[in-house]
Amino acid sequence: MKKIGIMIGIGILVIGGGLGALAYFNLWPFQGSKIAGVPNGALVKKEENAMTELDILLAASGKVSFNMEGKSAFVYLDVYEKENRVSHKKVAGISSDRKSAMNGELVWGVVGLNLMKPEEVRAKFLVNSAQSEGAVPLKSVLTNQSEQSSAASEPFENGKIKLGKRYILQYWNRSENGVSVSEDFFNKKELAKKEQTIILYLIFK
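full-length UniProt numbering numbers the first residue of the sequence shown as 1 and each following residue consecutively.
Encoded structure:
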């Protein structure tokens, strides 16, 4: 009888733990209108292992999913010359007057055959029942391409969303002093070391 009680107790723990995991990751039957596999309040990068036709057209691309509460989600493209921001353009965005559930995905891409010579950046949101997409050309933005360059794609970890934080989707810098990538991409001292910096980023508010 004691063994049966222990087995029942273990079974309850296993089932409870399993249901807890399903609820945490918003998996069936707890998904509702949320993005499956993404915890509440989190931003998760989606890895695409299979190659598609779009890979021929895009020098870089990515997809992120999120379940959160907020007023807005925007993708911006900022251009710096040294530490001075010379351009700030909205690529795409979703917003509302009041704080509400924002469950959705963002797909972004860099058009071109060479990541260091991008032609255009594109982004598309699909949040709840709304969508927004846009593009910004880059050919006219780039300065001296003979300088040493570096780039980074989505250099952030999955985790809880911090409102107001700038999540970098794609980053470029050009410098006569050689390639360098800083942990703080928006640091004024680091920006001043580079001739030009271009940052595509996502921000929630």
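Cβ atoms here follow ideal geometry from the backbone N, Cα and C, with glycine treated the same way.
By DSSP, does A192 sit in helix, in strand, or in coil? helix
In the DSSP assignment, what are the bridge partners of S87? V79
With C-beta atoms as the reference, is V136 less than 8 angstroms away from L77? yes
Test item: CB-CB of L200 and V86 under 8 angstroms: No. Outside cutoff.
How far does the beta strand (DSSP E) with S150 in it reach, from first residue to last? Q148 to S153
How is L57 classed by DSSP in three states: helix, strand or coil? helix
Taking V75 as the reference, which of A60, A92, E69 and S65 has the closest Cα? A92
So for G41, helix, strand or coil by DSSP? coil
Using the Cα positions of L115 and G37, report the straight-line distance between them to the nearest angstrom. Rounded to the nearest whole angstrom, the C-alpha separation of L115 and G37 is 30 angstroms.
Burial state of F155 (16 or more Cβ within 10 Å): Per the sequence presented here, residue 155 reads as Pro, with Phe not at that position. When all chains shown are included, P155 counts as exposed.
Residues bridged to N187 (per DSSP): According to DSSP, which records beta bridges pairwise, N187 is partnered with nothing at all.
Spatial distance of A59 from M68 (CA atoms): 30 angstroms
Buried/exposed call for K205, threshold 16 Cβ in 10 Å: K205 should be labelled exposed.
What number of angstroms, rounded off, separates the C-alpha of A192 from the C-alpha of F186? 10 angstroms
Please tell me whether N158 and K45 are closer than 8 angstroms, where the distance is taken between their beta carbons. Yes.
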